[in-house]
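J.: For reference, the structure I am asking about is given below.
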Amino acid sequence: MGYRVTLIPGDGVGSEVAASAVKVIEATGVAIRWDSHTAGAGAVERRGQPLPDPAIESIRGTGVALKGPLETPVGGGFRSANVALRQIFDLYANIRPVRTILPFRSYEAIDLVMIRENTEGLYVGVEHFVKVGDDPRAVAESIAVITRTGCERIVRFAFEYAVQHARRKVTMVHKANILKTGGSLWLDTGREIAADYAGRIAFEDKIIDNTAMQLVIRPEQFDVLVTTNMFGDILSDEMAGLVGGLGLAASANVGAGAAIFEAVHGTAPDIAGQGVVNPAALILAGAMMLDHLGETDAGCRVREAVTKAIRDDGVRTRDLGGTAGTSEFTAHLVKLLRRN
Ligand code: NAD
Numbered sequence: 002m003g004y005r006v007t008l009i010p011g012d013g014v015g016s017e018v019a020a021s022a023v024k025v026i027e028a029t030g031v032a033i034r035w036d037s038h039t040a041g042a043g044a045v046e047r048r049g050q051p052l053p054d055p056a057i058e059s060i061r062g063t064g065v066a067l068k069g070p071l072e073t074p075v076g077g078g079f080r081s082a083n084v085a086l087r088q089i090f091d092l093y094a095n096i097r098p099v100r101t102i103l104p105f106r107s108y109e110a111i112d113l114v115m116i117r118e119n120t121e122g123l124y125v126g127v128e129h130f131v132k133v134g135d136d137p138r139a140v141a142e143s144i145a146v147i148t149r150t151g152c153e154r155i156v157r158f159a160f161e162y163a164v165q166h167a168r169r170k171v172t173m174v175h176k177a178n179i180l181k182t183g184g185s186l187w188l189d190t191g192r193e194i195a196a197d198y199a200g201r202i203a204f205e206d207k208i209i210d211n212t213a214m215q216l217v218i219r220p221e222q223f224d225v226l227v228t229t230n231m232f233g234d235i236l237s238d239e240m241a242g243l244v245g246g247l248g249l250a251a252s253a254n255v256g257a258g259a260a261i262f263e264a265v266h267g268t269a270p271d272i273a274g275q276g277v278v279n280p281a282a283l284i285l286a287g288a289m290m291l292d293h294l295g296e297t298d299a300g301c302r303v304r305e306a307v308t309k310a311i312r313d314d315g316v317r318t319r320d321l322g323g324t325a326g327t328s329e330f331t332a333h334l335v336k337l338l339r340r341n
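Residue numbering for the sequence shown follows our numbering, beginning at 2 and increasing consecutively.
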């Protein structure tokens with residue numbers, strides 16, 4: 002029978018990385034019945050909306066989805082289907098681990114986890130233009146919404162994650178020196194939750210701009226980071242840069258009712274359809290999905306196969322300095338997984 006999982010291949014390189022991830026997950030021997038749906042720009046073209054009801058209903062039924070990147074127009078146009086999915090299913094915790102597979106520049110042993118608040122902050126979509134005189138777009142107002150409940154649950158999630166994964170420290174990232182309301186509610190609430198874990202998990206707080214700089218010059222001081230929606234979005238791309246780029250950065254969006262696993266990267270329109278995209282990020286997200294399903298042995302085997310292929314066997318896609326195409330890299334992983 003197997004697990005039922007919703008599959009949303011997505012736009013741009015999405016179909017290439019999703020096909021690869023499905024092959025690799027199937028090579029672990031874990032039986033999965035995929036329920037495939039469209040979303041994003043492809044769904045706008047075919048169905049007139051970025052997040053069609055059948056995709057939403059499928060996730061409601063399965064509770065688990067593997068999702069490729071979805072295109073969102075810059076500036077105007079339709080609202081992000083990614084943000085909508087997080088809000089519909091209240092996927093409040095975005096887990097983004099980054100770990101060195103191949104030493105990149107001077108960074109040899111990066112092992113960091115970003116826990117990003119996924120439903121509040123500046124991404125709530127409360128924004129509008131204000132007309133002044135005859136200029137309808139004279140002023141733009143974007144409102145960041147921070148709630149005590151939202152702060153409590155994500156900071157507690159970060160500490161519980163640290164306990165369960167034997168991590169040593171949680172760094173709370175903020176801008177409470179300037180953002181006197183949202184920033185201070187975030188920081189004060191976080192400090193209260195942190196007190197429950199005193200003596201078990203170390204805690205510190207750091208201002209966002211300093212954190213961005215410290216991540217580049219002394220990343221080893223960090224372990225688990227927890228921050229608000231937009232800061233987490235930006236810092237996790239920076240963290241991906243410490244391990245060689247977006248091709249290796251996986252992400253899980255978790256809430257009470259569902260879990261959606263995806264790559265951190267977007268649709269990569271500059272390389273779509275060329276057979277050169279690195280599928281490892283979505284494959285590693287697939288490993289997080291296997292862990293979530295309770296198939297932790299299969300999840301570990303996928304992570305080990307990705308590490309062996311890239312580090313020991315030198316099978317690397319172009320973004321990692323290699324020459325392997327998406328299918329060659331995928332076939333190598335399938336061979337490694339079928340062998341053990
Ligand atoms: P992007 O992540 O798509 O690409 C940034 C750069 O990284 C490009 O040069 C791309 O070729 C490269 N890159 C990304 N993933 C790669 C991979 N797996 N292998 C090799 N190279 C890779 O970011 P962008 O160009 O800013 O965004 C393009 C679109 O993706 C936008 O519409 C954006 O809204 C969307 N997006 C979606 C998600 C999501 O669905 N979760 C996330 C980010 C961006």
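Even for Gly, the Cβ is constructed at its ideal location relative to N, Cα and C.
Being a predicted model, the structure only gives us computed values, none of them experimental.
(1) For the ligand NAD, is there any heavy atom lying closer than 8 Å to the beta carbon of V25?
(2) Closer than 8 Å: is that where the CB of P280 sits relative to any heavy atom of the ligand NAD?
(3) Can you give me the C-alpha to C-alpha distance between G274 and A299, rounded to a whole angstrom?
(4) Using a Cβ-based criterion (distance less than 8 Å to any ligand heavy atom), does G245 qualify as near the ligand NAD?
(5) So, with DSSP's three-state summary, where would you put A32?
(6) Return yes when the C-beta of N119 is under 8 Å from any heavy atom of the ligand NAD, and no when it is not.
(7) For a test of the three-state rule: what should DSSP assign to G126, helix, strand or coil?
(8) By alpha-carbon positions, which one of V244, I9, T190 ends up nearest to L216?
(9) Less than 9 Å separating the beta-carbons of G287 and R87?
(10) Can you tell me whether DSSP reads F160 as helix, strand or coil?
(11) May I ask you to list the residues that DSSP assigns as paired with T172?
(12) Can you give me the Cβ contacts of V316 inside the same chain, cut-off strictly under 8 Å, excluding the 5 residues immediately before and after it?
(13) Cutting at 7 Å between CB atoms, please list the residues of its own chain near I111, excluding the five before and the five after it.
(14) Would you call S37 buried or exposed, if buried means 16 or more other Cβ atoms sit within 10 Å of its Cβ?
(15) Whole angstroms is fine: what's the gap from L338's alpha carbon to L285's?
(16) Under three-state DSSP, which class holds S37?
(17) Please determine if the stretch 143-158 and the stretch 110-125 are in contact, where contact requires at least 3 C-beta pairs separated by less than 8 Å.
(18) With which residues is S143 paired in a DSSP beta bridge?
(19) Starting from V114, trace the beta strand (DSSP E) in both directions and tell me its first and last residue.
(20) Determine, using beta carbons only, whether L226 and M290 come nearer to each other than 9 Å.
(21) Drop a sphere of 10 angstroms on the beta-carbon of H166, count the other beta-carbons inside from all chains shown, and report buried for 16 or more, exposed for fewer.
(22) Is the closest heavy atom of the ligand NAD to the C-beta of S81 under 8 Å?
(23) In the DSSP assignment, what are the bridge partners of L67?
(24) Can you give the Cα-Cα distance for V114 and G276, rounded to whole angstroms?
(25) Is any non-hydrogen atom of the ligand NAD found closer than 8 Å to the C-beta of T318, if you look at the structure I gave you?
(26) Which residues bound the beta strand (DSSP E) around R100?
(27) Below 8 Å, how does it come out for the stretch 190-198 and the stretch 76-83: are there three or more Cβ pairs, yes or no?
(28) In terms of residues, what are the limits of the beta strand (DSSP E) holding N254?
(29) Under the three-state reduction of DSSP, which class applies to V307: helix, strand or coil?
(30) I need the DSSP call for D136, collapsed to helix, strand or coil.
(31) Using the DSSP secondary-structure output, state which residues sit across from F105 in a beta bridge.
(32) Given a threshold of 16 other Cβ atoms within 10 Å of its Cβ, counted over all protein chains shown, does A141 qualify as buried or as exposed?
(33) Please work out which residues of its chain come closer than 8 Å, Cβ to Cβ, to E27, disregarding the five sequence neighbours upstream and downstream, and give them in chain order.
(34) Indicate, with yes or no, if the ligand NAD has a heavy atom lying under 8 Å from the CB of L71.
T.: In short, the structure shows the following:
(1) Within the sequence shown, numbered from 1, the residue matching residue 25 stands at position 24. Flag unset: Cβ of V25 not near the ligand NAD.
(2) Looking up residue 280 in the sequence shown gives position 279. The answer is yes for P280.
(3) The residue labelled residue 274 in the question sits at position 273 within the sequence shown. The residue labelled residue 299 in the question sits at position 298 within the sequence shown. If you take the alpha carbons of G274 and A299, they lie about 29 Å apart.
(4) Looking up residue 245 in the sequence shown gives position 244. Checking every heavy atom of the ligand NAD against the Cβ of G245, none is found closer than 8 Å.
(5) Residue numbering aside, residue 32 sits at position 31 when the sequence shown is read from its first letter. Coil at A32, not helix or strand.
(6) As a position in the sequence shown, residue 119 is number 118, starting the count at 1. No.
(7) Here residue 126 corresponds to residue number 125 of the sequence shown, with the count starting at 1. It is a strand residue.
(8) Taking the sequence shown and counting its residues from 1, one reaches residue 216 at position 215. The candidate whose alpha carbon is nearest that of L216 is V244.
(9) What you label residue 287 is simply residue 286 of the sequence shown in a count that begins at 1. What you label residue 87 is simply residue 86 of the sequence shown in a count that begins at 1. Judged by their CB atoms, G287 and R87 are not nearer to each other than the 9 Å cut-off.
(10) Within the sequence shown, residue 160 is the residue found at index 159, counting from 1. F160 falls in the helix class under three-state DSSP.
(11) Along the sequence shown, read from residue 1 onward, the residue named residue 172 stands at position 171. Bridge partners of T172: E205, L226.
(12) If you number the sequence shown from 1, residue 316 lands on position 315. Within the same chain, V316 has close Cβ partners A310, G323, A325, E329, F330, H333.
(13) Along the sequence shown, read from residue 1 onward, the residue named residue 111 stands at position 110. Counting only Cβ-Cβ distances below 7 Å, and skipping sequence neighbours, we find V99, R100, T101, P220, L243, V244.
(14) Position 36 of the sequence shown, counting from 1, holds the residue named residue 37. So S37 counts as exposed.
(15) Residue mapping note: residue 338 aligns to position 337 of the sequence shown, counting from 1. Residue mapping note: residue 285 aligns to position 284 of the sequence shown, counting from 1. Going by the C-alpha atoms only, they are around 14 Å apart.
(16) The residue you call residue 37 lines up with position 36 of the sequence shown. Three-state result, S37: strand.
(17) yes
(18) For the purposes of this step, residue 143 is taken as residue 142 along the sequence shown, with counting starting at 1. According to DSSP, which records beta bridges pairwise, S143 is partnered with E128.
(19) Residue 114 sits at position 113 when you count from the first residue of the sequence shown. Its beta strand (DSSP E) spans residues 112-118.
(20) The residue you call residue 226 lines up with position 225 of the sequence shown. The residue you call residue 290 lines up with position 289 of the sequence shown. Cβ atoms of L226 and M290: not closer than 9 Å.
(21) By 1-based counting over the sequence shown, the position of residue 166 is 165. Burial state of H166 is exposed, judged by a 10 Å Cβ sphere holding fewer than 16 other Cβ atoms.
(22) For the purposes of this step, residue 81 is identified with residue 80 of the sequence shown, where counting begins at 1. S81 Cβ: within cutoff of the ligand NAD.
(23) On the sequence shown, position 66 is the one that residue 67 refers to. In DSSP, L67 forms a bridge with L8, F262.
(24) Working through the sequence shown from its first residue, we reach residue 114 at position 113. Working through the sequence shown from its first residue, we reach residue 276 at position 275. Near 30 Å, if we compare the C-alpha coordinates of G276 and V114.
(25) By one-based count along the sequence shown, residue 318 stands at place 317. Yes, the ligand NAD has a heavy atom inside 8 Å of this Cβ.
(26) Taking the sequence shown and counting its residues from 1, one reaches residue 100 at position 99. Element bounds for R100: 94-100.
(27) No, the stretch 190-198 does not touch the stretch 76-83.
(28) Locating residue 254 in the sequence shown gives position 253, where the first residue counts as 1. Element bounds for N254: 251-255.
(29) Your numbering for residue 307 matches position 306 in the sequence shown. It is helical.
(30) Locating residue 136 in the sequence shown gives position 135, counting from the first residue. Three-state DSSP puts D136 in a strand.
(31) Position 104 of the sequence shown, counted from the start, is the residue given in the question as residue 105. Y108, per the DSSP bridge assignment.
(32) The residue you call residue 141 lines up with position 140 of the sequence shown. Per the 10 Å Cβ criterion, exposed.
(33) If you number the sequence shown from 1, residue 27 lands on position 26. Within the same chain, E27 has close Cβ partners I33.
(34) Indexing the sequence shown from 1 puts residue 71 at position 70. Using a cutoff of 8 Å, the CB of L71 counts as near the ligand NAD, since one of the ligand's heavy atoms is closer than that.
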